[in-house]
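Position 214 (the sequence shown) corresponds to 285 in my numbering; numbering is contiguous. Backbone N, C-alpha and C fix where the C-beta goes; we use that ideal spot for every residue, glycine too. Values in this document were obtained by computation on a predicted structure and should not be read as measured data.
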Amino acid sequence: MRFTNGIIIFFVIATVGVDEVLSTLFNYITPKKITCWESNCQLRCNDCSILNAGVANNFSCFQYATISVFECSDTFHRVEMTSEFFYKIEKAEVIKITKTDARRIKPHTFPSSTTLREIYLPENNISIIDEWAFGNMSALTHLYLNNNKLTLFNAFTIIDGLSIKYLNLGNNFLIYDDDNLLDDEVYDFKSITSLNLDGNKFRNISMGNYITHRELVKEVSMANNLLTLILPQYFEPLTNLEVLNLAFNKISSITQAFWNMMNLKTLILSHNSLIIFAENDFPPKGHSSLQYLAIDYNHLGKMANIMQYTSTLKKIAIEGNPWYCKCLRQYRRAFHNRSIQEVCADNVEHACIRSDTPCYVWFFSETAVQPDLQVKLDNLVTANNTYYCVLNEFDQ
């Protein structure tokens with residue numbers, strides 16, 4: 072019987088191959104073959120292990136020196152990025168590496184370059200970026216490190232001397248702690264115009280400590296953090312800020328936070344816990360640039376004086392709040408008269424709160440937080456869908 076089985080095994084091996092048989096009999100994992108292809112000066116690989124030092128990647132058909140775009144996506148296999156490969160693609164303009172188990176970017180991993188403009192490194196389980204991991208890159212403007220495991224980003228030692236304009240650190244584990252800042256240069260983003268800090272662990276922030284050349288910053292996104300209130304010092308130092316996204320936090324107060332932010336054009340406060348707007352929360356009449364405002368899915372019953380202070384509004388999202396019926400009718404009449412487009416309210420049937428409360432006079436109302444005044448919505452689409460709707464509507 073044992074002899075018979077041996078004959079069968081030998082026959083199968085000869086027919087279908089060793090790897091397949093071993094995979095069936097002993098849970099043997101067949102090594103994945105690195106497949107790369109070149110087209111129009113672009114090199115793409117289905118396995119990022121080509122990055123590992125010592126891996127045979129001298130494909131005779133590739134002219135590494137001519138590659139302008141390198142892109143690889145993996146299934147979270149372990150890789151160790153080294154400079155050996157990046158030296159070969161010395162003329163690259165764009166590098167995209169995703170879904171690996173890289174964990175760490177060591178010193179001098181990315182050598183100096185005069186052509187590299189964009190580096191995308193999302194979803195690589197990166198928790199450590201060593202000092203001087205990025206060489207002198209005079210053309211680099213975009214750096215994406217989102218969806219990793221970073222707890223600290225020391226801009227002074229990581230990107231010092233670079234002219235990065237778009238920095239994405241979203242969906243990591245970053246926090247802000249005044250007591251742990253060694254000096255103002257720890258987060259010295261010298262040339263940033265757009266900063267994404269979505270999906271981190273920020274409970275507060277002070278852009279005065281984060282950014283040196285604050286006048287350059289145009290966009291900041293801090294959606295899905297742990298903010299509970301917004302104080303003037305959080306974003307007011309960014310005098311030319313035009314876009315601010317604070318959706319999906321736990322914000323219940325913005326007391327005078329935007330009073331001096333006269334260049335702010337887009338403000339997204341969707342999915343928070345706001346119950347009232349104070350008279351000085353927004354720039355004074357005649358000094359506001361606000362065009363796009365999202366205050367949907369909060370706990371608002373009325374907007375107080377917001378309508379008279381935001382004469383420049385073009386689009387607004389207000390659904391998902393327990394509005395007083397009288398106020399809601401007045402607001403929508405004002406929207407119509409001023410050609411303000413109410414967005415992201417499709418397929419939502421609103422059951423508002425009936426009340427004769429004045430709608431344009433500010434005062435604190437305790438009833439705004441009573442449980443029986445919670446908003447009632449039918450046919451409600453998911454939170455993400457409404458959020459993406461706002462982003463699309465405000466994308467100008």
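Cβ neighbours of Thr106 within its own chain (closer than 6 Å, five residues either side excluded): Asn117. Of the candidates Tyr305, Glu313 and Leu300, Glu313 places its Cα closest to the Cα of Leu287. Only residues of its own chain outside the window of five on either side were considered, and among them Ile322, Ser323, Ser324, Ile325 and Thr326 have a CB closer than 8 Å to the CB of Leu300, listed in chain order. Between the beta-carbon of Phe353 and that of Ser344 there is about 18 Å, and that puts the pair past the 8 Å contact cut. With fewer than 16 neighbouring CB atoms inside 10 Å of its own CB, Ser382 falls in the exposed class.
Residue nearest to Thr153 within the set Ser139, Ser120 and Leu223 is Ser120 (criterion: CA-CA distance).
In the DSSP assignment, Leu315 falls outside any alpha helix (DSSP H) and lies within the beta strand (DSSP E) extending over Val314 to Asn316. Per the coordinates, the alpha-carbon of Phe406 lies some 59 Å from the alpha-carbon of Phe133. For Ala388, the enclosing beta strand (DSSP E) stretches over residues Lys386 to Ala388. Within the model, the alpha-carbon separation for Tyr247 versus Arg404 is close to 43 Å. Pairing Lys385 with Tyr363 gives a Cβ-Cβ distance under 8 Å. Looking only at Gly241, Glu109, Thr212 and Ile235, the smallest Cα-Cα distance to Leu221 is reached by Gly241.
Looking at the DSSP output, Asn267 bridges to Asn239 and Ser292. Of Glu164, Asn218 and Ser341, the smallest CA-CA separation from Phe181 is found for Glu164.
For Leu462, the closest C-alpha among the options Ala294, Gly357, Arg400 and Asn320 is that of Ala294. Its chain contains Ile366, Asp367, Tyr368, Asn369, His370, Leu371, Gly372 and Val446 as the residues whose beta carbon lies nearer than 8 Å to that of Asn392, once the 5 sequence neighbours on both sides are disregarded; these appear in chain order. Across the set Thr171, Leu297, Asp201 and Ile387, the C-alpha of Thr171 shows the shortest separation from the C-alpha of His148. In this structure Gln304 is in contact with Gly279, their Cβ atoms being roughly 7 Å apart against a cut-off of 8 Å. With respect to the 8 Å criterion, Ile235 and Ile263 are classified as neighbours on the basis of their beta carbons.
In summary, Lys272 is exposed, with fewer than 16 beta-carbon neighbours lying within 10 Å of its beta-carbon over all protein chains present. DSSP places Gln304 in the helix class (H, G or I) of the three-state scheme.
Distance check between Ser292 and each of Pro308, Lys356, Leu268 and Asn275 places Leu268 closest, using alpha-carbon atoms only. Residue pairing from DSSP places Gln113 in a beta bridge opposite Ser110 and Val140.
Contact annotation: Cys415 and Ala388 have beta-carbon atoms nearer than 8 Å. Shown here, Ala173 sits in coil according to DSSP, grouped into three states, outside any helix or strand.
Between Tyr135 and Ile166, the beta carbon gap of about 13 Å keeps them out of contact (Cβ cut-off 8 Å). The straight-line gap separating the alpha-carbon atoms of Arg285 and Ser277 is approximately 11 Å. The Cβ-Cβ distance between Arg188 and Ala204 does not fall below 8 Å.
The DSSP-derived three-state label of Gln379 is helix. For Tyr281, the number of other beta carbons within 10 angstroms of its own is at least 16, and it is reported as buried.
In the DSSP assignment, Ala405 falls outside any beta strand (DSSP E) and within the unbroken alpha helix (DSSP H) covering Cys396 to Asn408. Between Leu238 and Leu214, the gap from beta carbon to beta carbon is short of 8 Å.
Under DSSP, Val461 takes part in no beta bridge, so it has no partner.
Distance check between Tyr395 and each of Gly232, Arg425 and Glu109 places Arg425 closest, using alpha-carbon atoms only.
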